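Enquirer: Be aware that the sequence shown starts at 5, since it is given in the working numbering, and climbs by one per residue. For every residue, glycine included, the Cβ atom is placed at its ideal position computed from N, Cα and C. This structure is a prediction, so every number in the text was calculated from the model and none was measured.
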Amino acid sequence: MSTKNNGRPDIRSMEAFAAVVRYGSMTAAAQKLSVSQPAVTRMVRDLEARVGFALFERNGPKISPTEKGIKFFEESQRVMANLSQLTERAHAIRDERIAAIDIVATPTMSAGLVGPVLSRVSDVLPDFVHVETTTSERVLHALRQRTADLGFSAYPGDHDQLKCLARFESLVVAVVKKGSRLDGDGPIPLSIFNTERLATICNGYGIRDAINRAFEKQKIKPSSEIATNSSLSAAMAARAGLGVALCDPVTALGVPIDGVSIRPLSAKISYAWGLFANDDNPLKDRLNLLVDACTAESEKIVQNVNRLCK
């Protein structure tokens, strides 16, 4: 197969490709799309020829996406989501109204902050609100490429070309199983991880860098660890009694989890987050309301952490 991009993929072929990924076979995809199985096979092969790489690994009747196929699927879903909004956007232009708000948010912000913020401004929201949960790098990229209107993210080191509408800062906290021996009143020292399992974000994230520095400063090496790309997963590990989770305050205070207690740490580990936009934003007349809503919800989290630390 050629490694060159041989043309622009057509929508029908992308729909067939997505259906095969979702339903696991050409036959199942054909049934969902109400077309013949040979037609799906033909569209997928045509798409592979156009993009210039194999989308699936084939082993007889079995089929599975290649690594590039998975990446292409993720990108294609963004494109298809935008295409699906075109009709509504056209009607909005005709009626001189805002068609939609496109929001990008990290998993932390999406779980703990976006919903409450939008709830505060529900009366002025357009009919369609699209929220994409993605990495902090993609949040910034989407805003720079103007494929999103607003971004919620941990505060990045580099946000050139973007406007920071609001910035907040608080502290990393511990999440422990309710009723466990660590479910007390005082702050939890990092030294407990000499014997307790640590559950937290894996390396490569800004919050983990700050946690690692705190451990290094106190010359502590955790005895065992559960590393994840989601603070919520770390908190759920603590709920299951698998260890003590170190979590950002947005997850710990913004996502109600039964069966856990939130405890302050004796070490002060900072965590900052913000609301971002690009300069040419269609929501200019509503930005102040959104900023006020984000500020109110974020300050509530900050105040709750401050109360824990007293």
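Does DSSP classify V135 as helix, strand or coil?
Expert: Here V135 sits in strand by DSSP.
Enquirer: Check whether the Cβ atoms of P268 and C298 lie closer than 7 Å to each other.
Expert: No, the pair does not count as a contact, with Cβ atoms beyond the cut-off.
Enquirer: If you compare alpha carbons, which of R62, S80, Y159 and F132 is closest to A109?
Expert: The candidate whose alpha carbon is nearest that of A109 is Y159.
Enquirer: Closest to K66 by C-alpha separation, out of M30, C251, V55 and P42, would be which residue?
Expert: For the residues M30, C251, V55 and P42, the minimum Cα distance to K66 belongs to M30.
Enquirer: Taking the alpha carbon of D131 as the reference point, which residue from L122, E19, G28 and L117 has its own alpha carbon closest?
Expert: Comparing Cα positions, the closest option is L122.
Enquirer: If you drop the 5 nearest sequence neighbours on each side, which residues of the same chain put their C-beta closer than 7 Å to that of M113?
Expert: Only F156, S157, V254 and W277 meet the Cβ criterion.
Enquirer: Less than 8 Å between the CB atoms is what I'm expecting for I305 and S126, so what's the real figure, rounded?
Expert: 20 Å between Cβ atoms; not a contact.
Enquirer: Drop a sphere of 10 angstroms on the beta-carbon of S17, count the other beta-carbons inside from all chains shown, and report buried for 16 or more, exposed for fewer.
Expert: S17 is buried by the Cβ-count criterion.
Enquirer: Tell me whether A300 is buried or exposed, calling it buried when 16 or more other Cβ atoms sit within 10 Å of its Cβ.
Expert: Answer is exposed; the Cβ neighbour count stays below 16.
Enquirer: Thinking C-beta only, is S265 closer than 7 Å to D187?
Expert: In this structure, S265 lies closer than 7 Å to D187 by Cβ.
Enquirer: Is it buried or exposed, V177, if we count other Cβ atoms within 10 angstroms and call 16 or more buried?
Expert: Result: buried.
Enquirer: Run the CB neighbour count on T204, radius 10 Å, all protein chains shown included, and call it buried at 16 or more, exposed below.
Expert: Buried, by the Cβ-count rule.
Enquirer: Determine the closest residue to G263 out of A43, M240, A271 and L257, with distance taken between C-alpha atoms.
Expert: For the residues A43, M240, A271 and L257, the minimum Cα distance to G263 belongs to M240.
Enquirer: Can you give me the start and stop residues for the beta strand (DSSP E) that L202 sits inside?
Expert: Looking at the DSSP string, the run of the beta strand (DSSP E) that includes L202 is L202 to I205.
Enquirer: Sort E79, I261 and S68 by Cα distance to V24 and report the nearest one.
Expert: Nearest option by C-alpha distance: S68.
Enquirer: DSSP on S17, reduced to helix/strand/coil?
Expert: In this structure, S17 counts as helix in the three-state DSSP scheme.
Enquirer: Roughly how many angstroms separate the alpha carbons of T232 and F219, rounded to a whole number?
Expert: So the two alpha carbons sit approximately 18 Å from each other.
Enquirer: Excluding the 5 residues preceding and the 5 following P13 in the sequence, name in chain order all residues of the same chain whose CB lies nearer than 7 Å to its CB.
Expert: Excluding residues within five positions, the ones whose Cβ falls inside 7 Å are L51, R54 and V55.
Enquirer: Among the residues of its own chain, which have a CB less than 8 Å from the CB of K8, if the five just before and after it don't count?
Expert: With a pLDDT of 46 at K8, under the threshold of 50, the modelled position of this residue cannot be trusted; read the value that follows with caution. Excluding sequence neighbours, K8 sits near G56.
Enquirer: Going straight from the alpha carbon of R26 to that of A146, what length do you get?
Expert: If I take the Cα positions, the gap works out to 25 Å.
Enquirer: Near R311, what residues of its chain come up, given a Cβ to Cβ distance below 8 Å and the 5 sequence neighbours on each side ignored?
Expert: Cβ neighbours of R311 beyond the five flanking positions: none.
Enquirer: By a C-beta neighbour count over all protein chains shown, 10 Å radius and 16 as the cutoff for buried, is S6 buried or exposed?
Expert: Only weak support exists for where S6 lies, its pLDDT of 41 falling under 50; the value from the coordinates is given anyway. Looking at its Cβ environment, which holds fewer than 16 other Cβ atoms inside 10 Å, S6 is exposed.
Enquirer: By a C-beta neighbour count over all protein chains shown, 10 Å radius and 16 as the cutoff for buried, is D3 buried or exposed?
Expert: The chain is shown only over 5 to 314; residue 3 falls outside these bounds and no answer can be derived.
Enquirer: V135 and I107 look like a contact to me (Cβ under 8 Å); what is the Cβ gap, rounded to whole Å?
Expert: Correct: roughly 5 Å between the Cβ atoms.
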